[in-house]
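**Student:** Please find one structure pasted underneath; my questions will follow.
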Amino acid sequence: MPPKKATRVAAPPPAAAEGGTDGSDDDNMFGNPYADAMVTGSKRERVEGGGGSSRSVLPTILGVTLDIKPKTITSGPKVMHKEDMVVIVTGVQANGANTIIDTGEGMEWFILPSRIVPGQAVATEGEAKFQAKEREMVYREYARVRKLHCIRISVWEAVDVKPGCPVRITNVEANWKGTDDGNEPLYLNGNKAFLEGPAPPKGGLGAHMCAFAATAQMQSRACLAASVAMEGYFNTSFLNDLSPGAFAQAEVTQGRWRNYQNSAVRELQARAGVAPPQPAAALKATAGVIAANSVESYAAGHALLPTEMYDDGHRAILLQSGVSPAHSTKMSAPPVEGETPPPPTLMAISGAMIKLKAAAAPEALTPAMAAMVVSKVDFTGDADTGKGLAVEAHAVLIPDTKIACNALKEDSNATPWLVSKGPAMAFSMSARFYAHKFAVTDRAMFQWAAVQFFHFGTFSGIPKLLPVQRNDNATVTVASAWPEGGQLWFDMPTSLATIGLKVSAAFVQKHLCGGTDQFVGTRKLNEETAYTLPDGATGLPKLDNSGYQMLTVHQGLAWTFSDLIDDGAREFRVLYADSHRAVRKDKTLTETEATAEAHLEAKAADAKVDTGKWMKQSCLVYALL
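For the record, in the sequence shown the residue sitting at position 514 is 514 according to our numbering, with numbers rising by one throughout.
Below, the structure is given as structure tokens:
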């Protein structure tokens, strides 16, 4: 039977989003890319993570470390030390092992459980204790396995490994805890983690992880993984609304999901061909089950193979390539009866769209492009402390940039990209971590700053990508979880240079220091509602450890201007509540010091207060290297 092709029927054009009336023409330029993407509402639902025999042939995993913590194991009189690592997997070397299932799309692999063949003598002395031991696959039909995408793994040794480091983990195995009857938890273990490249520079983890997310491999992976929010674009109701250019991208996505399913079937059959009778029969039966299921079910989030709960869904690192608020569109929240509607949200035009439009040739782009675009920022938790933070993001996918470029050549108004209807991912986090990241612990100031940083900043993150639930009135419920690695990685200097009003050193010294060398904070901090520093932090980010420093600190803190200059401060940026709306109207505020300085002096005059006093009380001023 030939593969099923995408089909669609004609549909009326979607209603246009509000925008373009205050100086921005991006709505027209990009054909209102989010008009059909927005829904009547969204909700977040919190989720938790939670053979053949061969002579000790075990696979090797390649990846990037996200987190690492020491682990102590006590067994009777023995005390053993290991490292617990969180790693995003970039490749797997089977090394001839019969336990690896490759899905063929660079998105994830599976590892089947194995064990040391019973009855072997275990040497404890000299070199003999390191000798290879014969292993065998332990597999029953449709039994649980481990998914290798973003993994938690214990290793015996990981010298000099830090977050962001490329690593090679040897002798990886999936072991049952206790018996191997399939009822016990299945754990991942490795021998050693070797560095495969340098660690990120001091203060440079955010930029490093954003660069990693922008690589061709990660962009391709994200394109497929994030499409699960739209059921891989097999659903006719989604296809109906696509433009011809976007429809061609949906067909590419469908083809990749078919290859994902077919590759898994071929791999299972190949493993069965060299396995002993019992696991061979189980592997063949499992391959048959996968082949019999529809590809649409896998594209909609149905698991290829049962796994531990932690492995649910897909993992990919996605990048929000921060763009100026000048490149944004207004999106209004759905009305709520009896409530005054809030001001429209400014939603960034994806950097992927802008880059595609500006590309002179496909060769200048990665073969596929994927991005997230934040659509909602909520502050959650207790009303008095607001310790929680929730962020939702849409997915923008361009599975084949060559096809997209050709579509734009034929029609400059084409829209050859896929935008998820409603959010495709959501993160639940601690607000105090980002209060420290943005260098402001004042609750109110942090919250208006967070809106700007999350909507227009440059950062990357690894969400738990699960199916999106949709009800009859088009409200979506999106799975919300802590980001893998514990954080979203912000490139703060780049983010500040994108959204902050640019002022001169002389302007800063004049208004913050009164023309002297000394700044002393005057803004009072409400200690009851202020965010505390995260565990391990001893102070706010500084130029020497982070590449940026917030200057309008609260009462009790101080700095000297000459020290800033000596430490390398060469650029100064200013934010205030809703300053991104001013930048939307006039991008030169982020480019021309004189324009920004005149604007800030006018804002202070409107408030009938001295410019310096207004900036100290109402603005966040940053120094950048």
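Every residue gets a Cβ at the ideal spot worked out from N, C-alpha and C, and that includes glycine.
1. Just to confirm the assignment, what range does the beta strand (DSSP E) spanning GLN518 have?
2. Are TYR298 and GLN261 close, meaning C-beta to C-beta below 9 Å?
3. I need the straight-line Cα distance from PRO244 to THR401, nearest angstrom please.
4. Determine whether the beta carbon atoms of GLN320 and MET353 lie at a separation below 9 Å.
5. Does the distance from the CB of LEU305 to the CB of LYS147 come in under 9 Å?
6. Buried or exposed, going by whether 16 or more other CB atoms sit within 10 Å of the CB of ARG46?
7. For the region 412-424 against the region 449-459, are there 3 or more C-beta pairs whose distance is under 8 Å?
8. On the criterion of 16 or more Cβ atoms from any shown chain inside 10 Å, does MET230 qualify as buried, or is it exposed?
9. For GLY351, name the three-state secondary structure that DSSP assigns.
10. Evaluate PRO341 with the Cβ neighbour count: other Cβ atoms within 10 Å of its Cβ, from every protein chain shown; 16 or more gives buried, anything less gives exposed.
11. How many Å lie between ARG470 and LYS43 at the Cα?
12. Could you name the residues that DSSP lists as bridge partners for LYS69?
13. Kindly indicate the opening and closing residues of the beta strand (DSSP E) around ASN413.
14. In chain order, what residues of the same chain lie with their CB nearer than 7 Å to the CB of ALA264, ignoring the 5 residues before and after it?
15. Could you check whether the region 246-260 touches the region 391-399, counting it as contact only if at least three pairs of C-beta atoms, one from each stretch, sit closer than 8 Å?
16. Under 6 Å Cβ to Cβ from MET107, same chain only, skipping five residues before and after it: list those, please.
17. Throw me the rounded Cβ distance for the ILE68 and VAL145 pair, which I believe falls under 8 Å.
18. Just checking my contact of VAL167 with VAL89 at CB under 8 Å: how many whole Å lie between their CB atoms?
19. Please name the residue in VAL440, THR475, CYS405 whose C-alpha comes closest to that of LEU557.
20. Under the rule that 16 or more other beta-carbon atoms within 10 Å means buried, what is SER328, buried or exposed?
21. Along the alpha helix (DSSP H) that carries ASP563, what are the first and last residues, could you check?
22. Which of the three DSSP states, helix, strand or coil, is assigned to LYS147?
23. Name the DSSP beta bridge partners of GLY176, please?
24. How would you call THR611, buried or exposed, if buried means at least 16 neighbouring beta carbons within 10 angstroms?
25. Roughly how many angstroms separate the alpha carbons of TRP614 and TYR233, rounded to a whole number?
26. Throw me the rounded Cβ distance for the GLY457 and ILE499 pair, which I believe falls under 8 Å.
27. If we call anything under 9 Å between Cβ atoms a contact, is ARG443 one with PRO534?
28. State the beta-bridge partners of ALA393 as determined by DSSP.
29. On the three-state DSSP scale, how would you describe LEU268?
30. Give the DSSP-derived three-state secondary structure of PRO2 in the structure shown.
31. For LEU496, I'd like the list of residues in its chain whose CB is within less than 7 Å of its CB, leaving aside the five on either flank, ordered along the chain.
32. What three-state label does DSSP hand CYS619 in the structure shown?
33. State yes or no: is the C-beta of SER324 within less than 9 Å of the C-beta of THR590?
34. By DSSP, does ILE101 sit in helix, in strand, or in coil?
35. Per DSSP, which one or two residues make a beta bridge with MET137?
**Tutor:** On the basis of the supplied data:
1. From DSSP, the beta strand (DSSP E) with GLN518 extends over 518-520.
2. yes
3. 15 Å
4. no
5. yes
6. With fewer than 16 other Cβ atoms from the protein chains shown falling within 10 Å of its own Cβ, ARG46 counts as exposed.
7. no
8. Answer is buried; the Cβ neighbour count reaches 16.
9. helix
10. exposed
11. In this structure, the straight-line span from the alpha carbon of ARG470 to that of LYS43 is close to 10 Å.
12. ASP84
13. Taken as a continuous stretch (DSSP letters only), ASN413 belongs to no beta strand (DSSP E), as it is neither H nor E.
14. ILE101, THR103, ILE290, LEU304
15. yes
16. Sequence-distant Cβ neighbours of MET107 in its own chain, meaning closer than 6 Å and more than five residues away, are ARG221, LEU224, ALA225.
17. Contact between ILE68 and VAL145 fails: their C-beta atoms lie close to 24 Å from each other, not under 8 Å.
18. 10 Å between Cβ atoms; not a contact.
19. VAL440
20. buried
21. 561-566
22. Strand.
23. The amino acid at residue 176 is misidentified as Gly; the sequence shows Trp. According to DSSP, TRP176 bridges with LEU186.
24. Buried: at least 16 other Cβ atoms inside 10 Å.
25. 51 Å
26. 7 Å
27. no
28. In DSSP, ALA393 forms a bridge with VAL374, MET425.
29. If DSSP states are grouped into helix, strand and coil, LEU268 belongs with the helices.
30. Because PRO2 carries a pLDDT of 45, less than 50, the predicted location of this residue cannot be relied on, and no value is offered for it.
31. Result list for LEU496: TYR548, ARG573, TYR622, LEU624, in chain order.
32. strand
33. Their beta carbons are under 9 Å apart, which means SER324 touches THR590 by this criterion.
34. strand
35. SER114
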